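Going by this note's numbering, the letters in the sequence shown line up with residues 1479 to 1893, in that order.
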Amino acid sequence: MEMATGSLVFAGIAPHPPIMVPEVGREAIAEVRGSIEAMREFTERLIESGAETVVLISPHAPLEARAFVAYQDTQLYGDFAKFRAPETRVEAQLDEEMLNAISRAAAEQGYEVSGIRGYDLDHGTTVPLYFLQRNGWHGRVVALGYNFLSNEDHLRFGACIKQAADETGRIIAFVASGDLSHRLKPEAPAGYDPQAYLFDQEVVEAIRAAQPERIINIDHDLRKMAGECGYRSMLVAFGVTEKAEQGYEVLNYEAPFGVGYLVAQIARGPLSDKEKASRHNEYGIESERIHQEGGLQILALARRAVETFIREGRMIEKPSSPDPMLNQRAACFVSIKTFGGDLRGCIGTIEPVKETLAEELISNAAGSATRDPRFPPVMPEELSHLRYSVDVLSIPEPAQFEELDPKVYGVIVED
């Protein structure tokens, strides 16, 4: 069954360090900025996929030896009290029908799904959900945990999840929560092993090469040496996506504290005609390329433009070797928001006034931070608590009222 008409429309891998959550990490979130920005991109893709329900598996759910675990409370809840941020919480409605279907499909293959009630969600679940919800996704959830069964059993359980979605007709996204090696630096929380980086290197390269079998068959001793906590989550994800339309892409990898954080896409349904139309930029820039090749570079350029202007009072130079899309001519809007979702500034152009998109973006980014009349200029102490989005515009064109579709087109209103 193809993902365009089937049930699984997105799947990916998400890290879960609580320090990524601004209320927990505070100033330290500057060290995981790449992961935070990548989770925004991750969520945008998940939202665009049309997923009704997120099925998520975490390595830190209550563990049983032979049963897969599922949080069974109708209203799922978790907070960050253990990480000195008790007021920061995550709540979601359980998709009971989907969970029941997973349990039935698993039972047919001889697996037990053990429902647990009265438990708060673990941080392996709450951190990815925090970013999904903070970035705009609000749907039902099935939250799972794995066990001590074999690699093959975890792959087969993943196939059960896909079967359950097919049988219910539920449109789902699957999120494999997990961190890679915990032993990458001498100061790492699980100690240091000079060879641990080889595990992360193999996983990242395998995702980039679209070769999940390299991860499935990775050396057991290397896994043990790495001290990872995401391997079984990835196995379940590969089982879910085995017969789906795959789309492997590393959105970000970093290890600032000696633990490897990977944000990656492993499956994504084809774009609808409307989505393709909305992603086509008539200045010659395809938005799909912006997302897949240059999205994070564009966001990084916007952030650098703002931070340099606020801290040093100067405009940065156009990058000397920019991505080709940044060297083309296009209008854009740069929006700045707090991690709480409040708008902090937005300035843009509806037609290009600079020679390149890079120059347009740099100018508009600085303007968003300092010239939006609705807000005071951004202060230096705010910089580590801001997130950015960039919208690249196509050439304006006349449209009839019946042609307007807010999912495809923006509208320019003239007085």
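Virtual Cβ for every residue (Gly too), placed ideally from N, Cα, C.
These numbers were taken from a predicted model, which means no experiment stands behind them.
For residue 1636 versus residue 1714, is the C-beta distance shorter than 8 Å?
-> Sequence index remark: in the sequence shown, residue 1636 carries index 158 (1-based). Sequence index remark: in the sequence shown, residue 1714 carries index 236 (1-based). Contact flag set, yes.
Is DSSP giving residue 1701 helix, strand or coil here?
-> Numbered from its first residue, the sequence shown carries residue 1701 at position 223. The answer is helix: DSSP assigns residue 1701 an H, G or I state.
From the DSSP output, in three-state form, read off residue 1638 for me.
-> Working through the sequence shown from its first residue, we reach residue 1638 at position 160. Three-state DSSP puts residue 1638 in a helix.
Buried or exposed by the 16-neighbour rule on C-beta atoms within 10 Å, applied to residue 1673 | In the sequence shown, the residue the question calls residue 1673 occupies position 195. Its Cβ having fewer than 16 others within 10 Å, residue 1673 is exposed.
For residue 1651 versus residue 1527, is the C-beta spacing smaller than 8 Å?
-> The residue you call residue 1651 lines up with position 173 of the sequence shown. The residue you call residue 1527 lines up with position 49 of the sequence shown. Taking 8 Å as the Cβ cut-off, residue 1651 and residue 1527 qualify as a contacting pair.
If we count the other Cβ atoms within 10 Å of its Cβ and call it buried at 16 or more, is residue 1494 buried or exposed?
-> Your numbering for residue 1494 matches position 16 in the sequence shown. Residue 1494 is buried by the Cβ-count criterion.
Assess, as a yes-or-no matter, whether the region 1500-1517 is touched by the region 1534-1545 under the definition of 3 or more beta carbon pairs within less than 8 Å.
-> no
Considering only the beta carbon of each residue, do residue 1718 and residue 1486 sit closer than 8 Å?
-> In the sequence shown, the residue the question calls residue 1718 occupies position 240. In the sequence shown, the residue the question calls residue 1486 occupies position 8. Going by C-beta atoms, residue 1718 is nearer than 8 Å to residue 1486.
For my contact list, residue 1747 and residue 1720 are in at a C-beta cut-off of 8 Å; report their separation, rounded to the angstrom.
-> For the purposes of this step, residue 1747 is taken as residue 269 along the sequence shown, with counting starting at 1. For the purposes of this step, residue 1720 is taken as residue 242 along the sequence shown, with counting starting at 1. Going by Cβ atoms, the distance from residue 1747 to residue 1720 rounds to 15 Å, so no, they are not a contact pair.
Whose C-alpha, out of 1807, 1576, 1611, is nearest the C-alpha of residue 1837?
-> As a position in the sequence shown, residue 1837 is number 359, starting the count at 1. Nearest option by C-alpha distance: 1807.
Whole beta strand (DSSP E) elements within the region 1806-1882, 3-residue minimum = 1810-1816, 1821-1826, 1864-1870
Taking C-beta to C-beta, are residue 1734 and residue 1605 nearer than 8 Å?
-> Along the sequence shown, read from residue 1 onward, the residue named residue 1734 stands at position 256. Along the sequence shown, read from residue 1 onward, the residue named residue 1605 stands at position 127. With respect to the 8 Å criterion, residue 1734 and residue 1605 are not classified as neighbours on the basis of their beta carbons.
Just checking, does the region 1847-1867 make contact with the region 1812-1828 on the three C-beta pairs under 8 Å criterion?
-> yes
Say whether the region 1555-1563 touches the region 1628-1643, bearing in mind that this needs 3 or more beta-carbon pairs closer than 8 Å, one atom from each stretch.
-> no
Bridge-paired residues (DSSP) for residue 1595 = The count along the sequence shown starts at 1 and reaches residue 1595 at position 117. For residue 1595, which the question treats as bridged, DSSP gives no partner whatsoever.
Counterpart residues of residue 1489 in DSSP-defined beta bridges | In the sequence shown, the residue the question calls residue 1489 occupies position 11. DSSP lists 1652, 1745 as partners of residue 1489.
C-alpha gap between residue 1789 and residue 1503, whole angstroms = In the sequence shown, counting from the first residue as 1, residue 1789 sits at position 311. In the sequence shown, counting from the first residue as 1, residue 1503 sits at position 25. The straight-line gap from Cα to Cα measures roughly 22 Å.
Would you mind working out which of 1612, 1573, 1642, 1574 sits nearest residue 1501, comparing C-alpha positions?
-> Along the sequence shown, read from residue 1 onward, the residue named residue 1501 stands at position 23. For residue 1501, the nearest C-alpha among the options comes from 1612.
Enclosing alpha helix (DSSP H) for residue 1581 [first to last residue] | Residue mapping note: residue 1581 aligns to position 103 of the sequence shown, counting from 1. Its alpha helix (DSSP H) spans residues 1574-1586.
Along the chain, which unbroken stretches of the beta strand (DSSP E) at least 3 residues long are found entirely within the region 1529-1566?
-> 1531-1536, 1546-1549, 1553-1558
Out of 1600, 1847, 1549, 1510, point me to the one whose CA is closest to residue 1573's CA.
-> Here residue 1573 refers to the residue found at position 95 of the sequence shown. Out of 1600, 1847, 1549, 1510, 1549 has the C-alpha closest to the C-alpha of residue 1573.
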